[in-house]
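*Asks:*
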Amino acid sequence: MSALFDNIINHINQIGACALIVIGLYIVVMHTNMIKRIIGINIFGTGVFYFFVSIGYVRGGQIPIVNGDESGVMINPLPSVLILTGIVVVVSITVYAMSLVIKIYEGYGTMDQAEITRMKSGENND
Amino acid sequence: MKRFIPVLFFALFLALTYAVLQMPPAGTIDAPSYNHTTEHYLANALEETGATNVVAAILTDYRAWDTLGETIVLFTAIVAVISVLRKRPTAEVIRDE
Amino acid sequence: MNDIIVKTVARIIVPFIQMYGIFVILNGHISPGGGFAGGALIGVSLILYTLVFGVGAAEKKFSHRLGDLSESGGILIYLLIGSVGIVSGGYFLTNLEAGFLKGETGALLSGGMIPLLMVAIGIKVTSTIITLFHAMIEEDPS
Amino acid sequence: MIELLPLINMMILLVTALLIVFIPIKRFGVIKIIGSLAFSLVLIFSVVTLLHVQANGAISYIFGGYERFIGVELYIDVFASLFTFFIGLLGLLTFIYSIGYVHKEVEKTQYSRYYVLIFILFFAAYGIIYTNDLFNTYVFMEILSLTACGIVSIKRKRKNYMASFRYLILNEIGSLSFLFGTALLYMITGYTNITLVNDALQDVWHLYPVNIVVASGFMIVGVGIKAAIFPFHVWLPDAHSSAPIPSHAILSAVVLKLNLIVLVKVLYNVFGANVMTSLNIPLFTGVIAGTGMIMGSVFAIAQHDIKRILAYSSVAQVGYIVLGISLMTHLGQAASYFHVFSHGMMKSALFFSAGCIIYVSGVRDVRKYNGMFKLMPLPVITFSLAALGMIGIPLTSGFLSKYYLGMAALDANQGIFVLVIIISSILNAIYYLPIVIRSFLQEPSSELNEISDSSIPYTMMIPVSIFAILILVLGIYPGILTDIIDGAIMSVVGGWQ
């Protein structure tokens, strides 16, 4: 049993990331409100980025600023670089989704996708 | 039926944690992802790029193509948002035809 | 939002925020930070200016035209810096072999093309944040 | 100098996009000239790279002159240059077509933004095919999904906003699960370069098999969502049918194919076939492809709007390509690449001719197509030629791709798929033939008889006829394409048997 607990403690970051991912997916799948879906996408994105950064973590490692004197063990810088790029991508996707929601609210008068599909099938103006 | 979906997602979470427990442990030097690429970055980022901040060195020198791709993501986000939001000279309604 | 206290405090704070943003951009290759964080800082200071002094005044400070120019300008600067590598016979986006001066470690002007790229990214992120904010504010309820 | 050509291709597309931002709205003619110049240059350079790469091997271009395990690498082999040539050709013809069509769909103020989005979409398309780096593929996939949603929502109608929002949310889930797969692979191999990941995987996969199963699951599902493979195609009909006609052609022929190319790269270059077959993933993708082929056509039968019919038939055709890939044999790959080409030609011909008909008569409902042949002979001819191709009548490229797929399925002794192909072709006939028959044989209805196809600008007719001729040429002389495809398969890591 204690081996299992050690194993869990070793992987606690990744388990947390998997929790965020599943929560994000749940929100996107279950809620029909558009703003909640965007929040779900952000949680899902944060979970994936948290998982990616936790790969590069070294317990007791220093930040990768190399000022000549070889001071000690440093963390793996590559995942944090890739996540810097990833965060900007999710931000720009959220901005675009928000601007779409503004215009959809003007057009349909509601934020709820289920209602909009009902309105559309009701009018069947396709 | 409604009660069943949260259980499904919890089962997915358990499956993911079971999978994660078998993955290589993070937080130590001997993790397989801490290989000669990382050692190369940490060892000679200073004399290959002249920057002390290794993250900035990777971001704008070793992998500068990703950062160019990313500024283009920002550029497309602006063009897309402006095409949706910017005021129009003729104020016709956005209802369908 | 023409409360006198807010205006005077904003008029004092905004330049310092921008100063700190420029510091973070230029010191990107020495201390943590860099083009994205610094650009966001300057963008936020312009948003503060728009909130306090209204969109009309902000329009003079950062017009649509300047927004368009600085967006594609940021990327064009990036491409020019990258093509210096090709002109000097190497690959796209090469740093020190392409003749960028290395400077001594830890100084502001060290690191070859890295500070230049950081400035280009800073311009790009600033214009992104402020143009998006202006687009959302001026959005017409048609 | 030749190694620089792929990079010059991408830079031309990017710089054109950046320059169009500066062009004032009223000078639309300048956009036309710059755009067609840029696309034709890119097409010429793609052909030159294809010939160069066929002659003396793949180009490996690493940014900054570092080694492969440090920098980001562009790897241009016959596979990459073949598909960039195809996408360049589609881009040029779609651009010429869209010049005549855009004023009918997009407002005047939106022209420059629309073309900026199109050029950045093709920049991302070239980026995805060229890169040999997993994280870089993720970044370019994000640019692709952002521009594709931008093209759909350019029409500023609430239907477009809704379709674009649903497309964006599902696309975002797809891209992030692809990134999650990359993270899992980085975790055990320590590289993001595709060839290095593949080499490291061969000897490490028995150590951490769980990682690979979860990573391949997330990646295939992620790419599947973006490529609208059957169970995840929910977003496709609305997004494609509400988009303007030129962008409908781009979305269907270019964006779907790109995600399938990423699927090929993931299945063959990243994991490699023996790792895949040992985890029997291809069986799973094969079953999905089979159901997709049939269900996609079944949905299409129920539709009446021509654009929704074409959207659902795209879902079915994606099933053909995924079927070819999941057979995991040389013949299977050859059949799916050939179908990528022939589907691109046929689907674009269908879109453009339907666009010409809508341009003149505004008729979108298929039931009102009677007598179209007497009113507009040329677009109806190209439409019916492409429709016969989709059904699989001999002498068209559609027949050949179904024939190659059948042979590949038999060769991989999975005969059941031959039956699936036949059923799907019959279903295609059920919804394409009535349109063709109605437009040829019946009399035109009264209020339509004063229009004629003289009013269609020549810039729209040229691309339509080029596509129609290419369908026939590919149908009769497939040899020119098939031996390039064999070269492409040899260059894909693990091209064997």
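Residue numbers (the working numbering), protein chains in the order written: chain A, 1157 to 1282; chain B, 335 to 431; chain C, -3 to 138; chain D, 1471 to 1967.
Note that CB positions come from ideal geometry on N, CA and C, so glycine has one too.
Can you tell me the Cα-Cα spacing of Ile1851/D and Lys1872/D, whole angstroms?
*Replies:* 22 Å
*Asks:* What residues are listed by DSSP as bridge partners for Thr1601/D?
*Replies:* Leu1544/D
*Asks:* Report yes if the CB atom of Leu408/B is closer than 8 Å to the CB atom of Thr401/B, and no otherwise.
*Replies:* Contact flag unset, no.
*Asks:* Taking CB distances under 8 Å as the criterion, tell me whether Ala345/B reaches chain D.
*Replies:* no
*Asks:* Assuming Gly361/B and Asn1189/A are in contact, meaning their beta carbons sit under 8 Å apart, how far apart are those beta carbons, in whole angstroms?
*Replies:* Cβ-Cβ separation between Gly361/B and Asn1189/A: approximately 38 Å, too far for a contact (criterion under 8 Å).
*Asks:* Measure the alpha-carbon distance for Leu1474/D versus Glu1913/D and round it to whole angstroms.
*Replies:* 57 Å
*Asks:* Compare the C-beta of Ser68/C with all C-beta atoms of chain D and state if any pair is closer than 8 Å.
*Replies:* yes
*Asks:* Please state the DSSP three-state secondary structure of Ser1506/D.
*Replies:* helix
*Asks:* For Tyr1206/A, collect the residues of the same chain with a Cβ closer than 8 Å to its Cβ; drop the 5 residues on either side in sequence, then sort them by chain order.
*Replies:* The residues are Asn1169, Gly1172, Ala1173, Leu1176.
*Asks:* In whole angstroms, what is the alpha-carbon distance linking Ser1647/D and Leu1238/A?
*Replies:* 15 Å
*Asks:* Pick helix, strand or coil for Met1186/A, following the three-state DSSP scheme.
*Replies:* helix
*Asks:* Using only CA atoms, which one of Val2/C, Thr4/C, Gly39/C, Ala6/C lies nearest to Val20/C?
*Replies:* Gly39/C
*Asks:* Sorted by chain position, which residues of the same chain lie with C-beta nearer than 8 Å to Pro1904/D's C-beta, five sequence neighbours on each side aside?
*Replies:* For Pro1904/D, where only same-chain residues beyond five positions count, the Cβ hits under 8 Å are Val1836.
*Asks:* State the start and end residues of the unbroken alpha helix (DSSP H) segment that holds Ser106/C.
*Replies:* DSSP places Ser106/C in no alpha helix (DSSP H); its state is neither H nor E.
*Asks:* State yes or no: is the beta carbon of Val1257/A nearer than 8 Å to at least one beta carbon in chain C?
*Replies:* no
*Asks:* Indicate whether at least one CB of chain D lies closer than 8 Å to the CB of Glu134/C.
*Replies:* no
*Asks:* Could you compute how far the alpha carbon of Asn1163/A sits from the alpha carbon of Leu355/B?
*Replies:* 7 Å
*Asks:* Can you pull the chain A neighbours of Met1657/D, defined as C-beta to C-beta under 8 Å?
*Replies:* Ile1211
*Asks:* Whose C-alpha, out of Met132/C, Ile8/C, Gly17/C, is nearest the C-alpha of Val1251/A?
*Replies:* Ranked by Cα distance from Val1251/A, the first of Met132/C, Ile8/C, Gly17/C is Met132/C.
*Asks:* By how many angstroms is the C-alpha of Phe1688/D removed from the C-alpha of Phe1650/D?
*Replies:* Roughly 7 Å between the two C-alpha positions.
*Asks:* Could you pull the start and end residues of the beta strand (DSSP E) that Tyr87/C belongs to?
*Replies:* Taken as a continuous stretch (DSSP letters only), Tyr87/C belongs to no beta strand (DSSP E), as it is neither H nor E.
*Asks:* Go to Ile1893/D, then tell me how far its beta strand (DSSP E) extends in each direction, as first and last residue.
*Replies:* Here Ile1893/D belongs to no beta strand (DSSP E); instead the alpha helix (DSSP H) covers 1886 to 1911.
*Asks:* Quick check on DSSP: helix, strand or coil for Val1833/D?
*Replies:* Residue state for Val1833/D is assigned as coil, using DSSP reduced to three classes.
*Asks:* Just curious, the beta strand (DSSP E) that Ile1532/D is in, first and last residue?
*Replies:* 1529 to 1532
*Asks:* Can you give the Cα-Cα distance for Leu1483/D and Phe1593/D, rounded to whole angstroms?
*Replies:* Put simply, the backbone Cα of Leu1483/D is about 6 Å away from that of Phe1593/D.
*Asks:* Counting only Cβ pairs nearer than 9 Å, list the residues of chain C close to Ile1219/A.
*Replies:* Pro28
*Asks:* Between Phe1822/D and Ala1770/D, what straight-line distance do the alpha-carbon atoms span, to the nearest angstrom?
*Replies:* In this model, Phe1822/D and Ala1770/D are separated by some 19 Å (Cα to Cα).
*Asks:* Which ranges would you report for the alpha helix (DSSP H) in the segment 1193 to 1275 of chain A if only whole runs of at least 4 residues count?
*Replies:* 1233 to 1264
*Asks:* Closer than 9 Å between beta carbons: that is the criterion. Which residues of the segment 1586 to 1610 of chain D meet it against chain E?
*Replies:* Judged by its chain identifiers, the structure shown contains no chain E, and its protein chains are A, B, C and D.
*Asks:* Tell me which residues share the same chain as Ile1501/D and place their Cβ nearer than 7 Å to its Cβ, disregarding the 5 neighbours each side in the sequence.
*Replies:* These residues qualify, in order along the chain: Ile1490, Ile1493, Tyr1581, Ser1582, Tyr1585.
*Asks:* Tell whether a beta-carbon distance below 8 Å holds between Asn1663/D and Val1693/D.
*Replies:* no
*Asks:* Tell me, please, whether the CB atom of Asp395/B is closer than 8 Å to any CB atom in chain C?
*Replies:* For Asp395/B, the closest Cβ of chain C is nearer than 8 Å.
*Asks:* Across which residues does DSSP place Gly361/B in a beta bridge pair?
*Replies:* Val1214/A
*Asks:* Which residues in chain C sit within 9 Å of Asn1232/A, going by Cβ to Cβ distance?
*Replies:* The contacting residues do not exist; Asn1232/A stays about 16 Å from chain C at best.
*Asks:* I believe Ile1690/D touches Ile1751/D by the beta-carbon criterion, under 8 Å. Please report the beta-carbon distance rounded to the nearest angstrom.
*Replies:* 7 Å
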